[in-house]
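Numbering of the sequence shown is given in the numbering used here, commencing with residue 5 and proceeding in unit increments.
The C-beta atom is built at its ideal place from N, Cα and C for all residues, glycine as well.
Notes follow once the structure below has been shown.
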Amino acid sequence: MGELTTHIYFASNTLARKISKMADDLFKPYGFSSSYAFLIMEINRTGGLSQKQVSNDFHLAPSTVTRFVDKLVKMGLVERKQQGAEMTLGLTKKGVETAKRLEDDLLILNGQLTDAYGEKYLETLNKMLLHGITLLDSES
């Protein structure tokens, strides 16, 4: 491998693309990518989120979040609810059912990654990545 391929940017991006492809393949039958799946699961776990929270939590531009939400609303999975001055995202009945199936599929993905890398490696890698994100966020 050349010198550039050993750079953190190249290595992290390559790993992210490979894992994203695995997730996208797993969630393909739903008609959306893994980003949509994680958004649905997060709304389900929290009981509702504002689009601003989604933008912050997922590190996405507000326009990207709007596009994601519009698609999920059109699919009948997410609904927008007015709560005071803020618009909150919640799941429809169909969305809740889908979230449960997505959680089951996520366990399959975790199993595939554990088989490929080992449990201890995944745990350590995840902690390092989360720490790295926190460090970069604190610089912003």
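Through-space distance from residue j to residue i, alpha-carbon basis
i      : j     : result
Ala41  : Lys25 : 13 angstroms
Val58  : Glu7  : 37 angstroms
Arg84  : Ser67 : 16 angstroms
Glu123 : Ile12 : 22 angstroms
Residue j beta carbon less than 9 angstroms from that of residue i
i      : j      : result
Gly99  : Gly80  : yes
Leu133 : Met45  : no
Asn48  : Ala103 : yes
Glu101 : Lys56  : no
Ser54  : Thr92  : yes
Leu30  : Leu129 : no
Exposure label - residue i; buried when at least 16 CB within 10 Å
i     : result
Ala27 : buried
Thr18 : exposed
Leu43 : buried
Ser16 : exposed
Any non-hydrogen atom of the ligand SAM within 8 angstroms of residue i CB
i      : result
Thr138 : Of ligands this structure carries none, so the ligand SAM is not represented either.
Of the listed residues the options, nearest to residue i (C-alpha basis)
i     : options                      : result
His63 : Ile23, Leu76, Ser39          : Ser39
Ser37 : Leu76, Ile137, Gly115, Gln86 : Leu76
What residue ranges within the stretch 31 to 80 form continuous alpha helix (DSSP H) runs of no fewer than 4 residues, ordered along the chain? If only complete runs of 4 or more residues are kept, the stretch 31 to 80 shows the alpha helix (DSSP H) at 38 to 50, 55 to 62, 66 to 78, in order along the chain.
To test your reading of the DSSP string, which unbroken alpha helix (DSSP H) runs of 4 or more residues are found completely within the stretch 69 to 138? For the stretch 69 to 138, whole alpha helix (DSSP H) runs of length 4 or above, ordered along the chain, are 97 to 121.
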